[in-house]
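For what it's worth, UniProt numbering labels the leading residue of the first sequence as 1, then goes sequentially. Data block below; observations after.
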Amino acid sequence: MIAPPDRTPLPREFFDRPVLEVAPDLLGRILVRSTPDGPIAVRLTEVEAYDGPNDPGSHAYRGRTPRNDVMFGPPGHVYVYFTYGMWFCMNLVCGPDGTASAVLLRAGEVVEGAELARKRRLSARNDKELAKGPARLATALDVGRALDGTDACAAGETPLKMLTGTPIARDQVRNGPRTGVSGDGGVHPWRFWIANDPTVSPYRAHAPRRRSS
DNA sequence: CTAGAGATTCTCT
DNA sequence: GAGAATCTCTAGG
């Protein structure tokens, strides 16, 4: 008998901690996206930590720019970036205002609104693939540039909100090198996931593409 | 399951 | 102009 997930919103103080504490603690939490057609909710199963100016793999490593501005702001807000010409990915900003650390949401299990997520993810062959990968997760939740900077801890009706869910016991959390990150040589084992969870994305080593002739 | 390559445009140098 | 915190398709085991 498993207790139902706690639908209480996560308080801002949850995110106002060192990113390496927040990242594993986000596993099992629930992110709710409110859309005009209804809610879509995802239980987080895989995340990665990015530690601001100390971290060569972070978008904030070379300082503040218009793109990464939200990372330098207050905790609990959503940093959305566009990459590879096609995809959006989303992060939750951690630490006090000015610290530029964030957690990339890499994968999750759709626990509500699956019929809405399927319409956004037509290539998914089964429901486990709906949010298996950072761009897939953002696509399933209809998260794009318009939601960059959204406060996921604000009171009332908001487009995105983090709920308490059911935290994962320490012995069920695994960690290892981050996926697809150039610049840190894979030295930081800051990718965290739930052991044996079928919605965790497969590891792909970073392989910079070559130009065609 | 694994591996390779194309897609497509933004961002910063 | 280079390269990107990726995904999908194809081919092969």
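Even glycine gets a Cβ: it sits at the ideal position worked out from N, Cα and C.
Please list the terminal residues of the continuous beta strand (DSSP E) segment that includes residue i.
{"i": "F82", "result": "78-83"}
{"i": "L10", "result": "Run containing L10: none; DSSP gives neither H nor E here."}
{"i": "L160", "result": "160-165"}
{"i": "R174", "result": "173-176"}
{"i": "R118", "result": "Looking at the DSSP string, R118 is not in any beta strand (DSSP E); the run it does join, the alpha helix (DSSP H), is 114-120."}
{"i": "I194", "result": "191-194"}
Per DSSP, which one or two residues make a beta bridge with residue i?
{"i": "Y50", "result": "A102"}
{"i": "N91", "result": "Y79, L104"}
{"i": "R33", "result": "I40, L160"}
{"i": "V110", "result": "V42"}
{"i": "D6", "result": "G165"}
{"i": "D197", "result": "Looking at the DSSP assignment, D197 forms no beta bridge with any residue, so it has no partner."}
{"i": "D151", "result": "H77"}
Rank the options by C-alpha distance to the C-alpha of residue i and give the top, closest one.
{"i": "A49", "options": "D69, P18, L147, R118", "result": "P18"}
{"i": "Y81", "options": "A152, P134, D97, I40", "result": "P134"}
{"i": "V78", "options": "C94, L44, A60, R64", "result": "C94"}
{"i": "A131", "options": "D142, V110, V143, R145", "result": "V110"}
{"i": "E112", "options": "N91, P177, T35, F14", "result": "T35"}
{"i": "R12", "options": "M86, D6, D197, P75", "result": "P75"}
{"i": "R145", "options": "F88, V187, G176", "result": "F88"}
{"i": "L105", "options": "G156, T199, E115, R118", "result": "T199"}
{"i": "T179", "options": "E46, T158, V32", "result": "E46"}
{"i": "F191", "options": "Y203, N175, P202", "result": "The identity of residue 191 in the sequence shown is Arg, whereas the question assumes Phe. For the residues Y203, N175, P202, the minimum Cα distance to R191 belongs to N175."}
{"i": "H59", "options": "T83, G38, V42, L44", "result": "T83"}
{"i": "residue 214", "options": "R43, R7, D16", "result": "Residue 214 lies beyond the stretch modelled for the chain, which goes from 1 to 213, so this question has no answer here."}
{"i": "M86", "options": "V143, T150, F14", "result": "V143"}
{"i": "N68", "options": "G149, Y203, P159", "result": "G149"}
{"i": "I40", "options": "K119, D6, D151", "result": "K119"}
{"i": "P202", "options": "T158, P177, F15", "result": "P177"}
{"i": "D37", "options": "V70, G73, N91, A114", "result": "A114"}
{"i": "M90", "options": "L122, R33, R121", "result": "R33"}
Give the C-beta separation of residue i and residue j to the nearest angstrom, bearing in mind that I take them to be a contact with Cβ-Cβ under 8 Å.
{"i": "L137", "j": "A107", "result": "6 Å"}
{"i": "A23", "j": "V103", "result": "5 Å"}
{"i": "M162", "j": "L10", "result": "4 Å"}
{"i": "D154", "j": "A117", "result": "One detail in the question is off: residue 154 reads as Ala in this sequence, not Asp. About 23 Å; that fails the 8 Å criterion."}
{"i": "D6", "j": "T164", "result": "4 Å"}
Taking residue i as part of the alpha helix (DSSP H), name the residues at either end of that continuous run.
{"i": "K132", "result": "Per DSSP, K132 belongs to no alpha helix (DSSP H) and is neither H nor E."}
{"i": "R29", "result": "Segment: none, R29 is in no alpha helix (DSSP H) and carries neither H nor E."}
Closer than 7 Å to a non-hydrogen atom of the ligand GDP - does that hold for the CB of residue i?
{"i": "Y84", "result": "The model on display carries no ligand, and the ligand GDP is accordingly not part of it."}
Any chance the stretch 85-103 sits against the stretch 42-61, with 3 or more Cβ pairs inside 8 Å? yes
Does the stretch 60-79 come within contact of the stretch 119-131, defined as at least 3 CB pairs closer than 8 Å? no
Between the stretch 24-39 and the stretch 165-173, do at least 3 Cβ pairs fall closer than 8 Å? yes
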